[in-house]
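Positions in the sequence shown are counted from 1; adding 90 to them yields my numbering.
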Amino acid sequence: MIVVTGATGTVGSEVVVGLRERGEAVRALVRDGSAGPAAWDGEVERVAADFADPQSLDAALAGADVVYLLVAVHPEMAAHERNVIDAAVRTGRRPQIVLHAAAGVEQRPRGVRFVGAHVDGLDHLRDSGLPWTVLAPNGFYQNFLGMAGSVGSGVLAVPGGAGAVSYVDARDVAAAAVEVLATEGHEGAVYTLTGPAALTHGELAGQLGTVAGREVAYAAVAPEQALAGMLGAGWDPWRAEGMVELYGLYAAGGASAVSPDVEKLTGRPARSFAEFAAEHEAAFRA
Ligand SMILES: NC(=O)c1ccc[n+]([C@@H]2O[C@H](COP(=O)([O-])OP(=O)(O)OC[C@H]3O[C@@H](n4cnc5c(N)ncnc54)[C@H](OP(=O)(O)O)[C@@H]3O)[C@@H](O)[C@H]2O)c1
């Protein structure tokens, strides 16, 4: 039995589908007890659980052989990872934990809370004595869909400086996760999941412009200006500050390494940003 947490989200929902396509027995955490995405078949066992509720996690993990541990970005995300790991220990079955972390988790960058939370989770996992594997994806191409409005009006405005980033398609992350969850031999491995190239935000804006059918200029906003913009738009301060920290890492070139691990795991090359952008032409033209 493979238990998938974060199962209704961007990556988790595709992981559930991919595992079912391989005939695996899957239990999916659905916070509200709902049916989950329409793409799931009737064989997916749905269980209601909350990362903040250890009792619900005990029920969700009972009988698990493998756990895909993906928590949402949240001020308590490190505690959420610890709660799932502790519940896995309490099963007494020593399930394999596949921790969905973030690129950089091994380098332990200082002052980047989204990565730091996963560093804490990984430390807890190592201390737990459970068998583990880590997936460390870089930023997702899909994040750019949230900026489609601005792109459509000709501007990509982020505090990314001149650093290149090896962004990755979330579908490739899910495909790599399915391979790791469904096959043996991954214990103790840290797989870094990136796209096939590191591109600056200026280059990314250029590729978005090609599909948007107009020039898209990259505006490298200052971190303070980006923070003020997000707070003004009603962002939660913890998340807004975290985004600025992450872009600071990007600007410094700390997310530019390109890894072969997507192809190594899935047997096919990682999707390029140009392919992703072309698939979403309508969104970026709007
Ligand atoms: N976005 C990126 O560029 C990027 C890059 C590298 C790594 N990551 C990492 O990827 C993870 C996010 O992945 P994602 O984008 O696929 O997530 P997502 O789309 O935001 O989905 C989050 C999932 O977690 C569930 N969830 C949220 N709070 C919960 C709670 N208290 N109890 C139980 N379930 C809860 C959500 O359920 P509901 O449907 O009920 O809300 C949903 O299934 C984070 O750990 C992040 O650090 C992200």
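Each residue gets a CB set at the ideal place from its N, CA and C atoms; glycine is no exception.
Short Cβ contact (8 Å threshold) for residue i with residue j
i    : j    : result
P249 : L220 : no
G236 : V306 : no
Y158 : A265 : no
A125 : V106 : no
M167 : A142 : no
D140 : S146 : yes
F230 : T98  : no
R112 : D131 : no
A378 : M320 : Past the edges of the chain, shown from 91 to 376, lies residue 378, and the structure says nothing about it.
A260 : E114 : no
T282 : A193 : yes
G251 : A310 : yes
Identity of the residue in the options nearest residue i by Cα
i    : options                : result
A372 : G242, W325, A310, E353 : G242
G108 : E269, A367, A364, V301 : E269
A287 : A309, A347, P199, P144 : A347
V255 : E331, A330, V188, L339 : L339
V179 : R216, V195, G194, A376 : R216
Y343 : A376, G319, E369, Y257 : For the sequence presented, residue 343 should be read as Gly rather than Tyr. The candidate whose alpha carbon is nearest that of G343 is Y257.
V280 : W130, A364, D351, T100 : D351
E34  : G182, G211, T181       : With the chain covering 91 to 376 only, the question about residue 34 has no answer from this structure.
H190 : G102, G319, A318       : G102
T95  : V116, R112, R110, A318 : V116
M91  : T356, G153, R304, A318 : G153
G303 : R375, A149, D148, A169 : R375
F295 : A247, Y337, E314, G332 : Inspection of the sequence shows that residue 295 is occupied by Ala rather than by Phe. For A295, the nearest C-alpha among the options comes from A247.
E353 : A129, P127, G285, L151 : G285
S218 : A318, G182, E365, A162 : G182
I187 : S240, V93, G123, R121  : V93
C-beta neighbour in chain C for residue i, strict 8 Å
i    : result
G102 : Note that chain C does not occur in the displayed structure, where there is just one protein chain.
Cβ-heavy atom distance, residue i to ligand 3, below 7 Å
i    : result
G102 : Ligand 3 is not part of this structure, which contains only ligand 1.
Residue i versus residue j - alpha carbon distance
i    : j    : result
Y308 : P227 : 24 Å
R136 : G253 : 42 Å
R203 : D176 : 22 Å
H291 : H164 : 26 Å
L160 : A368 : 28 Å
V301 : V334 : 27 Å
D262 : R361 : 7 Å
Q297 : N173 : 41 Å
F234 : L151 : 34 Å
Y337 : V205 : 12 Å
V134 : L225 : 23 Å
H214 : R198 : 14 Å
E277 : E196 : 16 Å
A128 : A162 : 21 Å
V209 : G332 : 15 Å
P144 : E274 : 28 Å
G384 : L289 : This structure cannot speak to residue 384, because the chain is shown only from 91 to 376.
W222 : G324 : 38 Å
Practice task
Any chance you could list the alpha helix (DSSP H) runs of at least 4 consecutive residues sitting entirely within the region 320-375, in chain order?
Solution key: With a minimum length of 4 residues, the continuous alpha helix (DSSP H) runs that stay inside the region 320-375 are 327-341, 351-356, 363-369, 371-375.
Practice task
Within the region 251-315, note down every full alpha helix (DSSP H) run reaching 4 residues or more, in order along the chain.
Solution key: Taking only runs of at least 4 residues, the alpha helix (DSSP H) segments lying wholly in the region 251-315 are 260-272, 291-302.
Exercise for the section: Please list the segments of the alpha helix (DSSP H) lying wholly inside the region 131-162, counting only runs of 4 or more residues, in order along the chain. Expected result: Segments of the alpha helix (DSSP H) lying fully in the region 131-162: 144-151.
Exercise for the section: Identify every run of the beta strand (DSSP E) within the region 188-220, keeping only runs that are complete inside it and at least 3 residues long; order them along the chain. Expected result: Within the region 188-220, no complete beta strand (DSSP E) run reaches 3 residues.
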